Each structure stands twice: as structure tokens, then as C-alpha cells.
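Step one of this worksheet: look at the structure below.
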Amino acid sequence: MRSDRFERMDDNMLSPTPRRHAGRALPALLAAAGLLAGTSAARPAVAQSYDLIIRGGTLVDGSGGPARAGDVAVDGDRIAAVGDLGAATAGRVIDANGLHVFPGFIDTHSHAMPALLRDQLRTARPLLAQGITTIFANPDGGGTVDLADQRARIRDPGVGVNVGQLIGHGSVRRAVLGMQAREATPEELDRMRTFVRDGMDGGAFGLSSGLYYSPGSYAPTGEVVELAKIAAGHGGVYQSHIRDESDYSIGLLGAVDEVIEISRGSGITGVVTHIKALGPRVWGESVEVVRRIEAARAEGLAVYADQYPYGASGTSIIGALVPRWALAGEGGDLYERIENPGERARLVPEMWENLDRRGGADRLMLQGGPHGGRTLADVAEERGVDAIETALALLVEARGGGGGTGLTSFNMNDEDIERFMAQPWMMTASDGSLWVPGEGHPHPRGFGAFPRRIRKYVMEEGVTSLEQAIHAMTALPARVYGIEGRGVLETGAVADVIVVDLERFRDTAEYDDPHGLAEGVEYSLVNGTLAIDEGRFTDALAGEALVKAR
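Positions 0 to 549 (numbering that gives the first Met the number 0) are the ones given, in order, by the sequence shown.
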């Protein structure tokens, strides 16, 4: 059991902040307010014994139902009982009085996979500190097409969180067509179908796309429909970084319509991933986006979305500013175009237009290299040249190993964020990466998305209830993606469970100091194994490479 007197400080602790125990009165206050429902199981007549009992916590079980007082028993990797467990005993008892107990959070869109395969980051501390116990890898149409190899590298020697795989449309297209900006031939489309079928046969949970990025942007909608049919036939989903989140090409509304069309044409569940209205030109269009998704759902289509709780997105100079035609072809074509006076004359004005879509150079913060943490406007002023000439120079320098070109792009408004967040079909994601502590200047979402969703948008601003927020992080994604036995606190479910001091649960990572670990997770169980114990990381590699059940 955890001590209520003191806590030791060592290298494995999430935070040096002492535990506060004023929150111990919270269940009583909730009961007085009528917010705790009855327990889900009667007191057993005969005391039973379990491996572990989490006793006396406030349970928010993931279903969206009201919080209630109760206990959770764990045997092996499963939840053995939930409710008032009375005199039941266990080899380990965790006193959760005054704490909240949630299912482990499911991050539906994560870029952590490459870093998870690095020895120094396999333990996934920044993810566990947020309460995340499962991620989905290979989003935005990217990642490897060899899912079997990736799965083997996850399993040996292991990782700290569970990983579900997606098969990326962009990677599949590149494996068949390279960076050619044209439609696939029937034979090429058949080869792409084979890649997708192999990925789904191997246990992938669905098809991801990045139709905003190259080479996905070169694909017509019909190509994606055909590949989505393969994923749908295996019970998979279609998760899309949509073709346009602003007015780069078909517009935000047209891109949402495309997801709906793909869902309708293939019979697949469609997910608009990291949904947003990007840039001042489309602020306010969340109203119409919500209306169109609601209409599709009323039609009977399974359309959902996920979102990270920040006003800035993360991309790159190429992703934000370079038109897609300039990326067609292989190898150094972009850099040849930068050096070619005629091509450069076409490229530069289009990049200025894209910069305007993003709201200007002072809204773009560089993430890595010698300029990490500074805006493109700052670097341009220092160099005495305009923002686009600076961006092109940074691309050339980065190619030669001279620095990073990742961007944090400040381009959303609060009204759109909150309107999207309030929808019952909205899941939560980070879109974050894993970084070595102190390395680079990443977007803080990789360190704080999930606690920020609760701290800022539940506890401070009341955009949704706690129960809805937890549902969006647990049972809803588990149901949408078909992860059996996860995302809920119920008997028989996998024991992915977190115990949280809600008064302390918060993100500490900021845009100007992005590496801070989240605070407030006292215990985290991944497949029944303690990954965080009394606020300290155990560095257990208890995560699994999940396989989609057929």
C-alpha cells in the first residue's frame, strides 16, 4: 500500500510535488451532491482473494455514466471484479480514497512509434505520465508497410504501452508508384490492394491516410475508396488526415465531405483525425463541419473524429508552405526546383499564399535545429531576408544536416476547438511524438494532451463533463477501432487502469518549455503490470503489440 505520510524523490518520480490529501474528501462531497451512482456489484458473502485491489476510489468507468464510489480487483492481466468488494483481500492493496480511477487512455493518433523502438524511449514515460496505456501507430498515411517487422520489434524486447497498428495509404502508394503525381493503373491499384490486404490480414486496425501530404495528395478519391473496401472487409476503420484543413485545395468542408464519401462508398467507419479549422480563412467553419458529420451519421454512416486540445498544430516547412506539385518526382526534385530560377519563380508566390493561410511567419515556431523555439519571423529578421527566402534556405540547410524544419503552427481559435470537443462522436488524440528529454523544441502535445483535455476543458472551462471526457479517451475509441476488452472498468476487461489525483492532474509542458512531464498519475497498470507505482515509473515493458480480432 502507498504511504500517506511521505513520498521519496528519485529518478523515477513523475514530479517532486508532494501529494495533497485534501482531495480525500471528494467522494463524500460528490455523494452529498448526488453525483455518485450505486456500485455495480453487491458485497460478496465470502471474502475472495485477488492479486491486487484498488480500494475506495471514485470510478469513472469509461461508459459515459456517472462517477461512483467503488473498488477494482485485478487478477493477472484482467479486471476480476468491480464494485464494493467488502472484505476481499489481495496480495497488494492500493488505497484510492480521494483519488479517481479510470480506464487507461487510448491515443488514437500518435507519432511515438519510431521513438518507442529506441532503447532509451521504450519505457514511454511521457505517455504513461499522461495516463496513456495504448496508442495507434502509423497515422497520416505514413509508417512502414512491413507491419510484421514492426510488430516483432515492438514485442522484442517490449515497450511500455500497447500499440495498435494502421496501414498507411501514403506508404503503400509510395511503395508502388513512388512520388508520381498521377492516377494508379489497374495493375498498380491491385498491388496497393495487396499491401493493404496483407496489413489487415496481419492484424492492423485500419487504413490511415494523409491526403494533405505527398504522395497521398496525388491519389483521387476513388483510389482510397477501393483500398478502404479492403480494410472494411476486415472490420477496420479509415482514419484520415483530410485533404484540406484550410483552403489549400478543396477546402475544409470539401475534405470532410470526402471522408463521408469514402465511408459511404466503402462501408467503412470514417474518422476525421485531429479535426480543426486551420487558419483565419476558415475559422468558424466548425459549425458547418459539425452539421455535415451529424447529417452523415443520421444517414446511418459511421463517421467520427478525434482532436488534440491545443490551438497550435504541428507540421514542417514542407507540410505548411510547399505546394504539392513541387514534391512530385523522386529524390532531390524539390531541391532542384529551389535552385532552378524558373521553378523558383513559380514556387515562391505559392509559398507566400500558403504562409498567409497560416496567419503569417510570426505564427510558425521552429521545433528543431539551431533555431528551435524561435519563430520563422525572428529568423528572417535576423538574416535580413524575407520569410519565404528564409524558409527555402532552412530547407536546403536541413538537407545538408544543418538543422530541423519542423514547425509548431499557431492557427486555430478557441470557439472551433470547443465546438468540436463538445460533440459526442469526438475522441481524444495527441498527434504527439516521443522526444529525448531536452532534445529539440517539440509541440507540447506529446507530453500533455490528455491531462490538458481534463484540466483546461473540464475542470477550468467546463466544456464537457469529466465523464464525457473520459469516454472520449477510453470506451469510445475502443469501440470505434474494435479493441476488444479495453477502455472500460468492468469485470473481464484487460487491466489497463490508471489511478489519478485529479487535483494534481495537469500538463506542465508549454510551447516555450515543451518537455515537462504531466503530473498526477499515481498508479498505472498496463495489462495488469504496474508501470507507475506510487508516482514512480517502474519502467516495465508490459505493453503488447495488439492485433485486430476478426
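Glycine is no exception: its CB is placed at the ideal position from the N, C-alpha and C atoms.
Computed from a predicted model, the values in this text were never measured in an experiment.
| field | Cα-Cα separation, Val162 to Gly403 | value | Start at 1 with the first residue of the sequence shown, and residue 162 comes out as number 163. Start at 1 with the first residue of the sequence shown, and residue 403 comes out as number 404. When rounded, the distance between both Cα atoms is 27 angstroms.
| task | Kindly list the residues whose CB is nearer than 7 angstroms to the CB of Leu25, restricted to its own chain and excluding five residues on each side of it in sequence; keep chain order. | result | Here residue 25 is taken as the residue at index 26 of the sequence shown, counted from 1. At Leu25, the pLDDT of 41 sits below 50, so the modelled position is not reliable; the number obtained from the coordinates is stated separately. Within the same chain, Thr57, Gly97 come within 7 angstroms of Leu25 by CB-CB distance, once the 5 residues on both sides are set aside.
| message | If you reduce the DSSP assignment to three classes, tell me which class Gly250 lands in. | response | Counting from one through the sequence shown, the residue named residue 250 turns up at place 251. DSSP places Gly250 in helix when its eight states are reduced to three.
| Beta-carbon gap between Asp70 and Gly90 smaller than 8 angstroms | Numbered from 1 along the sequence shown, position 71 holds the residue referred to as residue 70. Numbered from 1 along the sequence shown, position 91 holds the residue referred to as residue 90. No, they are not a contact pair.
| request: Tell me whether Val223 sits in a helix, a strand or coil according to DSSP, three-state version. | output: Taking the sequence shown and counting its residues from 1, the one referred to as residue 223 is at position 224. Secondary structure at Val223: helix, using DSSP grouped into helix, strand and coil.
| field | Limits of the unbroken beta strand (DSSP E) element including Phe409 | value | On the sequence shown, residue 409 is found 410 positions in, with the first residue counted as 1. Phe409 -> beta strand (DSSP E) spans 405-409.
| Other residues of its chain near Ala550: CB distance less than 8 angstroms, five sequence neighbours each side excluded | Any question about residue 550 goes unanswered here, given that the chain covers just 0 to 549.
| If Tyr334 and Arg382 are in contact, beta carbons under 8 angstroms, what's the gap, nearest whole angstrom? | As a first step, residue 334 is located in the sequence shown; it is residue number 335 there, counting from the start. As a first step, residue 382 is located in the sequence shown; it is residue number 383 there, counting from the start. Going by Cβ atoms, the distance from Tyr334 to Arg382 rounds to 19 angstroms, so no, they are not a contact pair.
| request: Would you grab the beta carbon distance between Pro450 and Arg505 for me? Rounded to a whole angstrom, and I think it's under 8 angstroms. | output: Here the question's residue 450 lines up with position 451 in the sequence shown. Here the question's residue 505 lines up with position 506 in the sequence shown. Sure, about 5 angstroms apart at Cβ, within 8 angstroms.
| Residue closest to Glu342, alpha-carbon to alpha-carbon, out of Arg357, Ala325, Trp351, Asp355 | Reading the sequence shown from its first residue, position 343 is the one you call residue 342. When each option's Cα is compared against that of Glu342, the closest is Ala325.
| query | Taking the alpha carbon of Ala294 as the point to measure from, which residue in Arg336, Asp256, Phe419, Phe194 has its own alpha carbon closest? | reply | Start at 1 with the first residue of the sequence shown, and residue 294 comes out as number 295. Nearest C-alpha to Ala294: Asp256.
| When burial is assigned at 16 or more other CB atoms within 10 Å of the CB, is Glu298 buried or exposed? | Residue 298 sits at position 299 when you count from the first residue of the sequence shown. Exposed, by the Cβ-count rule.
| said: Measuring only the C-alpha atoms, how far is Arg356 from Thr272? | reply: Along the sequence shown, read from residue 1 onward, the residue named residue 356 stands at position 357. Along the sequence shown, read from residue 1 onward, the residue named residue 272 stands at position 273. Approximately 20 angstroms, taken between the alpha carbons.
| Same chain, Cβ closer than 7 angstroms to Glu489, neighbours up to 5 away in sequence not counted | Position 490 of the sequence shown, counted from the first residue, corresponds to residue 489. Asp60, Ile78, Val81, listed in sequence order.
| At what residues does the beta strand (DSSP E) containing Gly313 begin and finish? | Residue mapping note: residue 313 aligns to position 314 of the sequence shown, counting from 1. From DSSP, the beta strand (DSSP E) with Gly313 extends over 311-315.
| message | Could you give the first and the last residue of the continuous alpha helix (DSSP H) run that contains Ala468? | response | Looking up residue 468 in the sequence shown gives position 469. Note, Ala468: alpha helix (DSSP H), 465-472.
| request: Evaluate contact between the region 129-144 and the region 283-291, counting only Cβ atoms and requiring at least three cross-stretch pairs below 8 angstroms. | output: By the Cβ criterion, the region 129-144 is not in contact with the region 283-291, since fewer than three pairs of Cβ atoms, one from each stretch, lie closer than 8 angstroms.
| request: Give the straight-line distance between the Cα atoms of Thr537 and Ala530, rounded to the nearest whole angstrom. | output: Translated into the one-based positions of the sequence shown, residue 537 becomes position 538. Translated into the one-based positions of the sequence shown, residue 530 becomes position 531. C-alpha separation (whole angstroms): 5 angstroms.
| task | Check Ile131 in the structure and name its three-state DSSP category. | result | As a working note, residue 131 is residue 132 in the sequence shown. Correct three-state label for Ile131: strand.
| request: Provide the residue(s) that pair with Asn339 in DSSP beta bridges, ordered along the chain. | output: Position 340 of the sequence shown, counted from the start, is the residue given in the question as residue 339. Per DSSP, none; premise fails for Asn339.
| said: Please report the straight-line C-alpha distance between Asp118 and Leu126, rounded to a whole angstrom. | reply: Taking the first residue of the sequence shown as position 1, residue 118 is located at position 119. Taking the first residue of the sequence shown as position 1, residue 126 is located at position 127. Those two C-alpha atoms are separated by around 15 angstroms.
| query | Is it the case that the Cβ atoms of Gly481 and Ala548 are separated by a distance below 8 angstroms? | reply | Numbered from its first residue, the sequence shown carries residue 481 at position 482. Numbered from its first residue, the sequence shown carries residue 548 at position 549. Going by C-beta atoms, Gly481 is nearer than 8 angstroms to Ala548.
| query | Do you know how far the Cα of Ala203 is from the Cα of Gly235? | reply | For the purposes of this step, residue 235 is taken as residue 236 along the sequence shown, with counting starting at 1. For the purposes of this step, residue 203 is taken as residue 204 along the sequence shown, with counting starting at 1. Looking at the two C-alpha atoms, the distance is approximately 8 angstroms.
| request: Please report how far the alpha carbon of Gly359 lies from the alpha carbon of Val384, in whole angstroms. | output: Locating residue 359 in the sequence shown gives position 360, counting from the first residue. Locating residue 384 in the sequence shown gives position 385, counting from the first residue. As the crow flies, the alpha-carbon of Gly359 is around 15 angstroms from that of Val384.
| query | For Pro102, which three-state DSSP category applies? | reply | Counting from 1 along the sequence shown, the entry for residue 102 is found at position 103. The answer is strand: DSSP assigns Pro102 an E or B state.
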